[in-house]
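To convert, note that position 231 of the sequence shown is 221 in the working numbering; the numbers rise steadily by one, no gaps. A virtual CB, placed ideally from N, CA and C, is assigned to each residue, including glycine. Since this is a predicted model, take the numbers as computed values, not measurements. See structure below.
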Amino acid sequence: MNSFLSVLDAPIGQVAQSLMAGTRTFNGPYLLGATSFFGLPEDTVKTIGANFLNLLGAVLILALGWIISGAVAKFVQKALRKTQFDDRLTGFMVGGKKSSGITVETILMLATTWLIRLVAVVAALNVLQLTTVSQPINSLLTQVLTFLPSLAAAIVLGVVAWFVANLVKNLVMQSAESFDLDGKVNGASTESAVSPTETLANALYWLVFLFFLPVILGVLGLNGPLAPVQALLTDLLSALPRLLKAAGIAAVAWFVAQVVQNIVSNLLAAAGVDQMGRQVGLQSKPGQSLSSMGGLVVFTMIMIPGVIGALDALEIPALSGPASSMLRQILEKLPQVFTAGVVIFIANFIGTFVGELVSSLLAGFGFDDIPRILGLPAQAASPAYVENGEPAPAPQTPSGIMGVVVRVAIIAIAVLAATDILGLTGLKALAEGLLAMAGQVLVGVLIFGVGLYIANLAANLIKSSGVAESNLLAQAARIAILVFSGAMALSRIGVAPEIVNLAFGLLLGAIAVAIAIAFGLGGRDVAGEELRNWIKPFKK
-9 MNSFLSVLDA PIGQVAQSLM AGTRTFNGPY LLGATSFFGL PEDTVKTIGA
41 NFLNLLGAVL ILALGWIISG AVAKFVQKAL RKTQFDDRLT GFMVGGKKSS
91 GITVETILML ATTWLIRLVA VVAALNVLQL TTVSQPINSL LTQVLTFLPS
141 LAAAIVLGVV AWFVANLVKN LVMQSAESFD LDGKVNGAST ESAVSPTETL
191 ANALYWLVFL FFLPVILGVL GLNGPLAPVQ ALLTDLLSAL PRLLKAAGIA
241 AVAWFVAQVV QNIVSNLLAA AGVDQMGRQV GLQSKPGQSL SSMGGLVVFT
291 MIMIPGVIGA LDALEIPALS GPASSMLRQI LEKLPQVFTA GVVIFIANFI
341 GTFVGELVSS LLAGFGFDDI PRILGLPAQA ASPAYVENGE PAPAPQTPSG
391 IMGVVVRVAI IAIAVLAATD ILGLTGLKAL AEGLLAMAGQ VLVGVLIFGV
441 GLYIANLAAN LIKSSGVAES NLLAQAARIA ILVFSGAMAL SRIGVAPEIV
491 NLAFGLLLGA IAVAIAIAFG LGGRDVAGEE LRNWIKPFKK
């Protein structure tokens, strides 16, 4: 207790000097009898002093690390904002849409900050000689710092890949604009939403990144993802010559087909094919003339062999085999299709000419008076104009209808011949059946027309005879002849002949029974009187 009081009475400077000198006792008069500082052993005093200095150094290191990390973070943030790194990277990854969450600048700033702080923490722990705590963090930092050169190299390679990809894309876009590739591919169509040039440029853009991807993965040491990418790239490089060969064949075929299409279209237009088509009734839509259709046919005939050659150049049997076989069959059928089309076109031309000739001849012979002769009601006059102000179409006359029938008949015969040329047996049988049915219908209509004429003629003769009840007899005769001619027409058409015959027989039987019953009930007295007159001579 006395030693403690003597220490308290000693000057502070002398105490500090004793602590720094590490003496066992104070030599001053105020410390007589004190064997150590505060009664502590000399080793303990030394340990406390050393640990105090280590703690002070650790705190200073942490504070300095925190200050440096904040300064470096601000510097990194300003540098990234000046270079617009975040906007460029966002545009590259998501097409220019700014993210509303954590940005790349924030991530890099936080990573730099905490990396420096972790270094400061490790240094502070080493000063405090806390190796058990600092060793895992030190190992983590060692791995991170060892990986940083690889990461930096990968970033540099990515930047180089991005630069090369943009260079290739811009070269393709500018070259295509110089040659007007989009206009030549799309033609006159302006509604195409997909630009061939942009599609090709984007494909080459990502292809450049694909070539750089194995190198970047190798630098990062990612051997797991590297193997499939290398296999993909190897397959792509092995197939690239075949792809280029196929693309070259298709491009040459397309170019030649375009040139020949323009030549053929212009020649057909100059030869007046469009006017001839309008004369024979082939009305083309706006922008689709016969000359352009002829050019399109020639374009297709040239492109089919080109596509076959391109598919064969790919050397992919599973793809090129069926497609090439199908295209070869189409190419073999093209002459037959062309011949069938020519037959139908000529038949249409002949049918139009013959139909107009038949209409004119029948009109000259008075065929348009047939409805009046047959006793049909006259057709009501149509308005001169329809609701939209356009002239109303002229009503069809009987001669015009016969002209259309003749034209359709000629075209139907041509269609039958075309199906035979194409070798379509099923369609040919169907066309033959329809043509035969049309002939039967035409004959049936002719029979009914003759019956209608005879019925009207008989009715007029009975009316003009002046007999009693001539109107009733005329209508009865007219109806009987019409029923008989209708039955004959239906039987000729082939509409269930058994049912028609049965109905006709039942109708005649019913009429006979009705007449017999009427005569028997209504003329019974007259018949009895006549019968008595017949019997009187025999009685005498």
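Handout entry: Length at least 4, wholly inside the stretch 125 to 199: the alpha helix (DSSP H) runs in chain order
Key = Along the length of the stretch 125 to 199, whole alpha helix (DSSP H) runs at least 4 residues long occupy 171 to 176, reported in chain order.
Problem - Sequence-distant residues of its chain with Cβ nearer than 8 angstroms to Met293 (five each side left out) - result: Sequence index remark: in the sequence shown, residue 293 carries index 303 (1-based). Only Ala243, Trp244 and Ala247 meet the Cβ criterion.
Practice task
Can you grab the Cα-Cα spacing for the pair Trp524 / Glu488, in whole Å?
Solution key: What you label residue 524 is simply residue 534 of the sequence shown in a count that begins at 1. What you label residue 488 is simply residue 498 of the sequence shown in a count that begins at 1. Distance between the alpha carbons of Trp524 and Glu488: 45 angstroms.
Practice task
Go through its chain and collect everything with a Cβ distance to Gly85's Cβ below 8 angstroms, but skip five positions before and after it.
Solution key: Numbered from its first residue, the sequence shown carries residue 85 at position 95. A caution first: Gly85 carries a pLDDT of 49, below 50, which makes its placement in the model unreliable, though a value can still be read off. Nothing listed; no residue qualifies.
Practice task
State the Cα-Cα distance for the pair Ala11 and Gly211, rounded to the nearest angstrom.
Solution key: In the sequence shown, residue 11 corresponds to position 21, counting from 1. In the sequence shown, residue 211 corresponds to position 221, counting from 1. The predicted model places Ala11 with a pLDDT of 45, which falls under 50 and marks its position as unreliable; any figure quoted below should be read in that light. Straight through space, the alpha carbons of Gly211 and Ala11 are spaced by roughly 57 angstroms.
Exercise for the section: May I ask which residues mark the beginning and end of the alpha helix (DSSP H) holding Gly429? Expected result: Residue numbering aside, residue 429 sits at position 439 when the sequence shown is read from its first letter. Thr415 to Ser455 is the extent of the alpha helix (DSSP H) around Gly429.
Exercise for the section: Take the Cβ of Ser279 as the centre, count every other Cβ of all protein chains shown within 10 Å, and call the residue buried at 16 or more, exposed below. Expected result: Start at 1 with the first residue of the sequence shown, and residue 279 comes out as number 289. Counting C-beta atoms within 10 angstroms of its own C-beta, Ser279 has 16 or more neighbours from the protein chains shown and is therefore classed as buried.
Practice task
Taking all protein chains shown into account, decide if Gln251 is buried (16 or more other Cβ within 10 angstroms of its Cβ) or exposed.
Solution key: Locating residue 251 in the sequence shown gives position 261, counting from the first residue. Counting C-beta atoms within 10 angstroms of its own C-beta, Gln251 has 16 or more neighbours from the protein chains shown and is therefore classed as buried.
Problem - Pairwise C-alpha distance: Ala477 and Leu462 - result: Position 472 of the sequence shown holds residue 462. Position 487 of the sequence shown holds residue 477. Going by the C-alpha atoms only, they are around 22 angstroms apart.
Problem - CA-to-CA distance, Val440 to Asn446, given in whole angstroms - result: Residue 446 sits at position 456 when you count from the first residue of the sequence shown. Residue 440 sits at position 450 when you count from the first residue of the sequence shown. If you take the alpha carbons of Asn446 and Val440, they lie about 10 angstroms apart.
Practice task
Check each candidate in Ala142, Ala470 and Gly429 and name the one with the smallest Cα separation from Ala502.
Solution key: The sequence position of residue 502 within the sequence shown is 512, counting from 1. Distances from the alpha-carbon of Ala502 to those of Ala142, Ala470 and Gly429 put Ala470 closest.
Exercise for the section: Note down the Cα distance separating Leu451 from Pro361, rounded to an integer number of angstroms. Expected result: Taking the sequence shown and counting its residues from 1, the one referred to as residue 451 is at position 461. Taking the sequence shown and counting its residues from 1, the one referred to as residue 361 is at position 371. Using only the alpha carbons, I get a separation of about 19 angstroms.
Handout entry: Other residues of its chain near Ile444: CB distance less than 7 angstroms, five sequence neighbours each side excluded
Key = Counting from 1 along the sequence shown, the entry for residue 444 is found at position 454. Excluding positions up to five away in sequence, the list reads Ile471.
Exercise for the section: Check whether the Cβ atoms of Ala408 and Val333 sit closer than 7 angstroms, and answer yes or no. Expected result: By one-based count along the sequence shown, residue 408 stands at place 418. By one-based count along the sequence shown, residue 333 stands at place 343. Closer than 7 angstroms, so yes.
Exercise for the section: Reducing DSSP to helix, strand and coil, say where Gln251 ends up. Expected result: In the sequence shown, residue 251 corresponds to position 261, counting from 1. Gln251 falls in the helix class under three-state DSSP.
Exercise for the section: Could you say if the stretch 121 to 141 and the stretch 63 to 73 meet the contact criterion of at least three C-beta pairs nearer than 8 angstroms? Expected result: Contact between the stretch 121 to 141 and the stretch 63 to 73 is absent: fewer than 3 CB-CB pairs across the two stretches fall below 8 angstroms.
Practice task
Pick helix, strand or coil for Ser26, following the three-state DSSP scheme.
Solution key: Within the sequence shown, residue 26 is the residue found at index 36, counting from 1. With a pLDDT of only 47 at Ser26, under the threshold of 50, the placement of this residue in the model should not be trusted, and no figure is reported.
Exercise for the section: Quick one: residues in its chain with C-beta nearer than 7 angstroms to the C-beta of Ile239, no 5 flanking neighbours on either side, listed in chain order? Expected result: For the purposes of this step, residue 239 is taken as the residue at position 249 of the sequence shown. Within the same chain, Gly296, Gly299, Ala300 and Ala303 come within 7 angstroms of Ile239 by CB-CB distance, once the 5 residues on both sides are set aside.
Handout entry: Per-residue burial, Thr415 [other beta carbons within 10 Å of its own, 16 or more giving buried]
Key = Translated into positions along the sequence shown, residue 415 becomes position 425. Residue environment analysis places Thr415 among the exposed positions, since fewer than 16 neighbouring C-beta atoms fall within 10 angstroms of its C-beta.
Exercise for the section: Could you check what DSSP says for Thr387 in three-state terms: helix, strand or coil? Expected result: Along the sequence shown, read from residue 1 onward, the residue named residue 387 stands at position 397. Here Thr387 sits in coil by DSSP.
Practice task
Report yes if the CB atom of Ala337 is closer than 7 angstroms to the CB atom of Ala404, and no otherwise.
Solution key: For this step, residue 337 is matched to residue 347 along the sequence shown. For this step, residue 404 is matched to residue 414 along the sequence shown. Cβ distance < 7 angstroms, so Ala337 and Ala404 count as in contact.
Handout entry: Rounded Cβ spacing between Val111 and Leu52 (contact assumed at less than 8 angstroms)
Key = As a first step, residue 111 is located in the sequence shown; it is residue number 121 there, counting from the start. As a first step, residue 52 is located in the sequence shown; it is residue number 62 there, counting from the start. The pair is a contact, with the Cβ atoms about 7 angstroms apart (cut-off 8 angstroms).
Problem - Three-state class that DSSP yields for Gly356 in the structure shown - result: Residue numbering aside, residue 356 sits at position 366 when the sequence shown is read from its first letter. Gly356 sits in coil when the DSSP states are folded into three classes, being neither helix nor strand.
Practice task
Report all residues from its chain with a CB closer than 6 angstroms to the CB of Ala259; omit the five preceding and five following residues, and keep chain order.
Solution key: Counting from one through the sequence shown, the residue named residue 259 turns up at place 269. Within the same chain, Ala259 has close Cβ partners Ser281.
Exercise for the section: Leaving aside the five residues before and after Ile127 along the sequence, list all residues of the same chain whose C-beta is less than 8 angstroms from its C-beta, in chain order. Expected result: Against the sequence shown, residue 127 aligns to sequence position 137. These residues qualify, in order along the chain: Leu108, Val111, Val112 and Leu115.
Practice task
Assign Lys159 to buried or exposed, taking buried as 16 or more other Cβ atoms, counted over all protein chains shown, within 10 Å of its Cβ.
Solution key: Residue numbering aside, residue 159 sits at position 169 when the sequence shown is read from its first letter. Buried, since its Cβ has 16 or more Cβ neighbours within 10 Å.
Exercise for the section: Could you confirm whether any beta carbon from chain B is found closer than 7 angstroms to the beta carbon of Ile239? Expected result: The chain inventory of the structure shown lacks chain B, comprising one protein chain alone.
Handout entry: Of the residues Leu207, Glu188 and Ala166, the one placed nearest Ser140, counting alpha carbons only
Key = For the purposes of this step, residue 140 is taken as residue 150 along the sequence shown, with counting starting at 1. It is Leu207 whose Cα lies nearest to the Cα of Ser140.
Practice task
Verify the contact flag: Gly331, CB atom, against every heavy atom of the ligand NAD, threshold strictly below 6 angstroms.
Solution key: What this structure holds is no ligand at all, so the ligand NAD is not there to describe.
Exercise for the section: Measure the alpha-carbon distance for Glu322 versus Gly413 and round it to whole angstroms. Expected result: To locate residue 322, count along the sequence shown from 1; it is residue 332. To locate residue 413, count along the sequence shown from 1; it is residue 423. The straight-line gap from Cα to Cα measures roughly 13 angstroms.
Handout entry: Cβ neighbour criterion (16 or more within 10 Å) applied to Lys526
Key = Counting from one through the sequence shown, the residue named residue 526 turns up at place 536. By the neighbour-count rule (16 or more Cβ atoms within 10 Å), Lys526 is not buried but exposed.
Handout entry: Own chain partners of Ala143 with C-beta closer than 7 angstroms, once the 5 adjacent residues on each side are dropped
Key = In the sequence shown, residue 143 corresponds to position 153, counting from 1. Result list for Ala143: Val209, in chain order.
Practice task
Could you check the C-alpha separation between Leu442 and Thr329 for me, to the nearest Å?
Solution key: Residue numbering aside, residue 442 sits at position 452 when the sequence shown is read from its first letter. Residue numbering aside, residue 329 sits at position 339 when the sequence shown is read from its first letter. When rounded, the separation of the alpha-carbon atoms in Leu442 and Thr329 is 44 angstroms.
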